[in-house]
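Student: The structure is given below, and queries will be raised subsequently.
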Amino acid sequence: MELDLEKTLRVILSGIHEAVPEDALRKKVAKALAKGRPLRIKVGIDPTAPEVHIGHLVPYGKMRQLQDLGHVGVVVIGDYTAQIGDPTGRDATRQALTHEQVRVNAELYMKQLYTVLDPARTEVRYQTEWYGTFDLAKTLRLLQEVTLAQMLQHETFRVRYEQNKPLGLHELCYPVLQGYDSVAINADIEMGDPAQKFNILVGRDLMERQGMEPQVALLMPILLGTDGVEKMSKSLGNHVGVLMSPEDQFGRTMSIPDAVMENWYALFVGQSGEELAATKKQIAADPMGAKKLLAEKVVARFHGPAAAAAALEDFRRKFSERTLELENIPEARLDSFSPASVTNIVATSFQLSNSEVRRLVKQGGIKLDGDTLTDAEAPIDRPGVLKVGKKKWLRLLG
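Residue numbers for the sequence shown follow our numbering, beginning at -10 and rising by one.
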């Protein structure tokens, strides 16, 4: 059992941001293994949109590692909380979704998560199972477990309160509802990114108040977006979507700065220890080769090895290795241009006149990730590598 304990702890703690509290984690794992009971690993999602990007998959990669050791992944679909929207990091109230919108999004979401998770060791639970039977009396009994002072320790709530910005009572309920999910499913571990720490610890507190053994918070690092600066986000346009074509996934991965590769190899590929150390040396010695290998791994995860090989060949056709050294070309952020049109971006970046840009477009001389741009006034709304003429290059960041 000691061997199983150490192996399980190594898997759990490898590559994480923080375990809270870590000593309780060791005790919990030891107790579960001694009883021959699989750990229940929880991740909650609010399916406010149907598309999953690879940044969303970080905790599910860890969940899959634990599933492979025999433990159970529990995905809680926030069909109630999604109608509120997680207020964390928001300076304004989010627009509510209908229950039907949430259900449709959830079905599409799970199909994408199963590209990582083992369906045989995954429980999918909807909040409707427990909140669907809550009456007012039960709701009030739950809310009396927390205080306003406790909720105002949440940074987002505190800042909005201090700045006299709208803060709905329903938003204050969000951490409590997420926390009670852990009571309902009897979670051992709940995973999330560092911004979820407050909500996860509310769940731990509620479990203790119910006389249950409380869950442990397992906080995962954040996968950086293709811009190498911000957290991956569809709204920022710096994401790689699970449903994107192999060519788009490959091209977007190739657009990331070299400095971001270690983050992706660790969090998306799942490397650590000696393997990650070897990859770091490879990145330093041959960044282009390391990036192509990473892009192949991204495409192969969702489309298979054959599609990955085809995407690599497509990339080679579009970008001659003699003329394109991606790591050395200049960079610019899309939001630094207003408007972010083909004409404005190219004219500003390469000191060309608007008429020169329009002539280049007409001649097929401007390409984004190898695709010829045909409308000089069209907006460029995604990151990528822009080729202007035969010798000018610009990496556009989200």
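Backbone N, C-alpha and C fix where the C-beta goes; we use that ideal spot for every residue, glycine too.
As the structure is a prediction and not an experimental result, all values here were calculated from the model.
Please classify I1: does DSSP put it in a helix, a strand, or coil?
Tutor: Looking at I1 - three-state DSSP - the assignment turns out to be helix.
Student: For the segment 29 to 43 against the segment 172 to 186, are there 3 or more C-beta pairs whose distance is under 8 Å?
Tutor: Of all C-beta pairs linking the segment 29 to 43 to the segment 172 to 186, three or more are shorter than 8 Å, placing the two stretches in contact.
Student: D360 by DSSP, collapsed to three states: which one?
Tutor: strand
Student: For I289, collect the residues of the same chain with a Cβ closer than 8 Å to its Cβ; drop the 5 residues on either side in sequence, then sort them by chain order.
Tutor: What sits at residue 289 in the sequence shown is Ala, not Ile. A296 and A297.
Student: Give the DSSP bridge partners of A206, in chain order.
Tutor: Bridge partners of A206: V9 and E179.
Student: Between the C-alpha atoms of S171 and V287, what's the straight-line distance to the nearest angstrom?
Tutor: 32 Å
Student: Assuming D194 and R29 make a contact with CB atoms under 8 Å, what is their CB distance in whole Å?
Tutor: The Cβ separation is near 18 Å, so there is no contact.
Student: State the Cα-Cα distance for the pair I5 and E160, rounded to the nearest angstrom.
Tutor: 28 Å
Student: Check P294 in the structure and name its three-state DSSP category.
Tutor: helix
Student: Classify A365 as helix, strand or coil using the three-state DSSP reduction.
Tutor: Note: A365 maps to coil in three-state DSSP.
Student: Does K100 pass the burial test, meaning 16 or more other C-beta atoms within 10 Å, or should it be called exposed?
Tutor: It counts as exposed.
Student: Roughly how many angstroms lie between the CA atoms of V191 and G200, to the nearest whole one?
Tutor: 14 Å
Student: Could you tell me whether the segment 58 to 70 touches the segment 148 to 168, where touching means 3 or more Cβ pairs closer than 8 Å?
Tutor: yes
Student: With DSSP collapsed to three states, give me the class of S325.
Tutor: helix
Student: Which residue from L46, G354, N153 and D124 puts its Cα closest to that of Y103?
Tutor: For the residues L46, G354, N153 and D124, the minimum Cα distance to Y103 belongs to L46.
Student: Evaluate A273 with the Cβ neighbour count: other Cβ atoms within 10 Å of its Cβ, from every protein chain shown; 16 or more gives buried, anything less gives exposed.
Tutor: exposed
Student: Check this for me: beta carbons of L14 and L(-6), under 8 Å apart or not?
Tutor: no
Student: Are the CB atoms of A255 and L265 nearer to each other than 8 Å?
Tutor: Contact flag set, yes.
Student: Using DSSP with H/G/I as helix, E/B as strand and the rest coil, what is T215?
Tutor: coil
Student: I need the straight-line Cα distance from D54 to T242, nearest angstrom please.
Tutor: The sequence shown places Gln at residue 54, not Asp. Rounded to the nearest angstrom, the two C-alpha atoms are 24 Å apart.
Student: How many whole angstroms separate the CB atoms of F239 and F304, which I take to be in contact at a CB cut-off of 8 Å?
Tutor: The pair is a contact, with the Cβ atoms about 6 Å apart (cut-off 8 Å).
Student: Grab me the residues of Q260's own chain with a C-beta within less than 8 Å of its C-beta, minus the 5 sequence neighbours each way, in chain order.
Tutor: Y254 and T268
Student: Give the straight-line distance between the Cα atoms of R198 and G217, rounded to the nearest whole angstrom.
Tutor: 42 Å
Student: In the DSSP assignment, what are the bridge partners of K381?
Tutor: V377
Student: Whole-angstrom Cβ separation of E7 and L208, contact assumed at under 8 Å?
Tutor: 4 Å
Student: Would you say the beta carbon of E366 comes nearer than 7 Å to a heavy atom of the ligand GTP?
Tutor: The ligand GTP is not among the ligands present in this structure, which contains no ligands whatsoever.
Student: Alpha carbon to alpha carbon, what distance is there between V105 and R311?
Tutor: Legend: pLDDT at R311 = 46, less than 50; position of this residue unreliable, value from coordinates given subsequently. Taking the straight line joining both Cα atoms gives about 37 Å.
Student: Please list the terminal residues of the continuous alpha helix (DSSP H) segment that includes T128.
Tutor: L125 to L132
Student: Going along the chain, which residues of its own chain have a beta-carbon closer than 8 Å to the beta-carbon of E251, five neighbours each way excluded?
Tutor: Excluding sequence positions up to five before and after E251, its CB lies within less than 8 Å of the CB of L265, T268, K269 and I272, all in the same chain and listed in chain order.
Student: Tell me whether the segment 326 to 341 and the segment 358 to 370 touch, counting them as touching only if at least three CB pairs, one residue from each stretch, are closer than 8 Å.
Tutor: yes
Student: Give me the residue from A126, K154, A336 and A38 with the minimum Cα distance to E89.
Tutor: A38
Student: Could you spell out where the alpha helix (DSSP H) holding G168 opens and where it closes?
Tutor: Y163 to I174
Student: Do G214 and G387 count as a contact pair if the criterion is CB distance below 8 Å?
Tutor: The Cβ atoms of G387 and G214 sit closer than 8 Å to each other.
Student: Please name the residue or residues paired with Y115 in a DSSP beta bridge.
Tutor: I66
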